[in-house]
Amino acid sequence: MLIFNPLVYTMQEEFDLSVGMVILFIFFLPFIVVLIYIPFFYWNERGIFRSKLKKFKGNFDLKITTPIEKHFPFFNNLNSNYRHQFLERVHFFILNKNFVAREMDEVTDEMKAFIAGSAVQITFGFRPLVLAHFSTIYVHPDEYYNAFFKKSFKGETNVAGFIQLSWSDLVKGYAIPDNAINLGLHEMAHALMVENEAFNEEYHFIAKRTLDEWHSISEPVFHKLNDGEVKVLRKYAGTNEHEFFAVCVETFYENPVEFKNELPKLFNQLQKLLNFDPINYKRIVEINEV
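The sequence shown begins at 0 in numbering that gives the first Met the number 0 and counts up by one.
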């Protein structure tokens, strides 16, 4: 009986080289495809994906700019050049998102402006980003019930590629600009971290070394917070590292002086990570606005 085993060759059995090579090729084919595809995807597809993003061209829409000018202290503290960039980015973000109304008739331009403004505020230190992994944003009038978790939510950033927000709570976040509770910034902070790892045109815009430094500095603060030794961050930050980052972002933009005074190392690292100084309203390192 002839028993074929490509790993054994004897003088008594004739090894069919062609059949053996075919089997070896089939075995290694998936590995070859992966090795070829990954660099091709990374270097080539990024450009292809980028071309799929709708570019904003034209004049600013007053229905979008008015809510930003009226409700965003961050925007009004920027210099004129930054303000122009901010509005361009807001329109760019809105153009590349699918907004879906839940338990209400429509997502208004004002709602879109608030949501886009939150995203632009947190990403303003980077090249223009639209958080492309999150194609759809669901807007509810108030807190909504999540059947899976069996409880009510104010907001949710889902790694599957969508964000859900309570409109009333989004507005409250900007109505009181210095209490470090801002739903828009909070959810966009989650989206920022997910986007940084999503394999698309916006992949890895935060340097790994910067993230590693953040984790190194933030971990002991996280434990101190849960021990009741940190005052500037609210207790919800102690839930897990993801909520810790989101609450830090809220505090960074709404109570930057207090944050810096109590936790200077953590503040400086977050300033480096986001490439923005929220006290002097300027980028740490300037970027090309393309």
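The C-beta atom is built at its ideal place from N, Cα and C for all residues, glycine as well. From a predicted model like this one, the values you see are computed outputs, not experimental measurements.
| Can you list, in chain order, the residues of its chain whose CB lies under 7 angstroms from that of Gln270, leaving out five sequence neighbours each side? | Residue 270 sits at position 271 when you count from the first residue of the sequence shown. The residues are Asp276 and Ile283.
| Start-to-end residues for the beta strand (DSSP E) that takes in Phe98 | Counting from one through the sequence shown, the residue named residue 98 turns up at place 99. Residues Asn97 to Ala100.
| Exposure label - Asn279; buried when at least 16 CB within 10 Å | Taking the first residue of the sequence shown as position 1, residue 279 is located at position 280. The Cβ neighbour count for Asn279, taken over all protein chains shown within 10 Å, is under 16; the residue is labelled exposed.
| field | Neighbourhood of Pro140 by C-beta, 7 angstroms cutoff - its chain only, sequence neighbours within 5 removed | value | Start at 1 with the first residue of the sequence shown, and residue 140 comes out as number 141. Closer than 7 angstroms at Cβ, skipping near neighbours: Glu102, Met103, Trp166 and Ser167.
| request: Taking Val138 as part of the beta strand (DSSP E), name the residues at either end of that continuous run. | output: Walking along the sequence shown from the start, residue 138 turns up at place 139. Segment Thr135 to His139, the beta strand (DSSP E) holding Val138.
| DSSP state of Lys150 mapped onto helix, strand, coil | Position 151 of the sequence shown, counted from the first residue, corresponds to residue 150. DSSP places Lys150 in strand when its eight states are reduced to three.
| field | Cβ pair Asn178, Ala131 closer than 8 angstroms | value | Counted from its first residue, the sequence shown places residue 178 at position 179. Counted from its first residue, the sequence shown places residue 131 at position 132. Not a contact, by the Cβ cut-off of 8 angstroms.
| Identity of the residues DSSP links to Arg88 by a beta bridge | Along the sequence shown, read from residue 1 onward, the residue named residue 88 stands at position 89. Looking at the DSSP assignment, Arg88 forms no beta bridge with any residue, so it has no partner.
| task | Tell whether a beta-carbon distance below 8 angstroms holds between Pro127 and Glu288. | result | Here residue 127 corresponds to residue number 128 of the sequence shown, with the count starting at 1. Here residue 288 corresponds to residue number 289 of the sequence shown, with the count starting at 1. Contact flag set, yes.
| field | Euclidean distance between Cα positions of Ala54 and Glu228 | value | Mapped onto the sequence shown, residue 54 falls at position 55. Mapped onto the sequence shown, residue 228 falls at position 229. In the sequence as presented, Ala is not what sits at residue 54; that position holds Lys. Looking at the backbone, the Cα of Lys54 and that of Glu228 are separated by about 47 angstroms.
| Contact under 8 angstroms by Cβ, Phe244 with Met192 | Indexing the sequence shown from 1 puts residue 244 at position 245. Indexing the sequence shown from 1 puts residue 192 at position 193. Cβ distance < 8 angstroms, so Phe244 and Met192 count as in contact.
| said: Rounded to whole angstroms, what is the Cα-Cα separation between Trp42 and Ile67? | reply: Residue mapping note: residue 42 aligns to position 43 of the sequence shown, counting from 1. Residue mapping note: residue 67 aligns to position 68 of the sequence shown, counting from 1. Its pLDDT being 44, under 50, Trp42 is placed unreliably in this model, and the value from its coordinates should be taken loosely. Spanning the two alpha carbons is a distance of roughly 36 angstroms.
| Of the choices Lys281, Ile93 and Ile114, whose alpha-carbon is the least far from that of Tyr173? | Start at 1 with the first residue of the sequence shown, and residue 173 comes out as number 174. Here the closest residue by C-alpha is Ile114.
| Which residue or residues does DSSP assign as beta-bridge partners of Ser165? | One-based indexing of the sequence shown puts residue 165 at position 166. Beta-bridge pairing links Ser165 to His139.
| request: Mark Arg88 as exposed unless 16 or more other C-beta atoms lie within 10 angstroms of its C-beta, in which case mark it buried. | output: As a first step, residue 88 is located in the sequence shown; it is residue number 89 there, counting from the start. Buried.
| field | Where the alpha helix (DSSP H) through Phe113 begins and ends | value | In the sequence shown, the residue the question calls residue 113 occupies position 114. It spans Asp108 to Thr122 - the alpha helix (DSSP H) in which Phe113 sits, taken as one unbroken run.
| query | If you pair each beta-carbon of the segment 259–273 with each one of the segment 209–224, do three or more pairs fall below 8 angstroms? | reply | Taking 8 angstroms as the limit for Cβ pairs, the verdict is that the segment 209–224 does touch the segment 259–273.
| message | Only counting the same chain, and skipping five residues up and downstream in sequence, which positions put a Cβ closer than 6 angstroms to that of Lys62? | response | In the sequence shown, the residue the question calls residue 62 occupies position 63. Result list for Lys62: Asp108, in chain order.
| Are Phe161 and Tyr137 closer than 8 angstroms when you measure CB to CB? | Mapped onto the sequence shown, residue 161 falls at position 162. Mapped onto the sequence shown, residue 137 falls at position 138. The answer is yes: Cβ separation under 8 angstroms.
| field | Residue from Val170, Val129, Arg233 and Leu164 with nearest C-alpha to Ala100 | value | As a working note, residue 100 is residue 101 in the sequence shown. In this structure, Leu164 is the residue among Val170, Val129, Arg233 and Leu164 with its C-alpha nearest to the C-alpha of Ala100.
| Buried or exposed: Phe71, going by 16 or more other Cβ atoms within 10 Å of its Cβ? | Here residue 71 is taken as the residue at index 72 of the sequence shown, counted from 1. Per the 10 Å Cβ criterion, buried.
| request: Whole angstroms is fine: what's the gap from Gln120's alpha carbon to Leu169's? | output: For the purposes of this step, residue 120 is identified with residue 121 of the sequence shown, where counting begins at 1. For the purposes of this step, residue 169 is identified with residue 170 of the sequence shown, where counting begins at 1. It is roughly 14 angstroms from the alpha-carbon of Gln120 to the alpha-carbon of Leu169.
| Looking only at its own chain, which residues have a Cβ that is under 7 angstroms from the Cβ of Ala118, when we skip the five neighbours before and after it? | Sequence index remark: in the sequence shown, residue 118 carries index 119 (1-based). Hits under 7 angstroms: Phe92, Leu130 and Met187.
| request: Could you spell out the range, first to last residue, of the alpha helix (DSSP H) harbouring Gly183? | output: Translated into positions along the sequence shown, residue 183 becomes position 184. In this chain, the alpha helix (DSSP H) harbouring Gly183 covers Leu182 to Glu196.
| From Leu94 to Lys150, what does the alpha carbon distance come to, in whole angstroms? | Within the sequence shown, residue 94 is the residue found at index 95, counting from 1. Within the sequence shown, residue 150 is the residue found at index 151, counting from 1. Separation of Leu94 and Lys150 (C-alpha to C-alpha, rounded to the nearest whole angstrom) is 32 angstroms.
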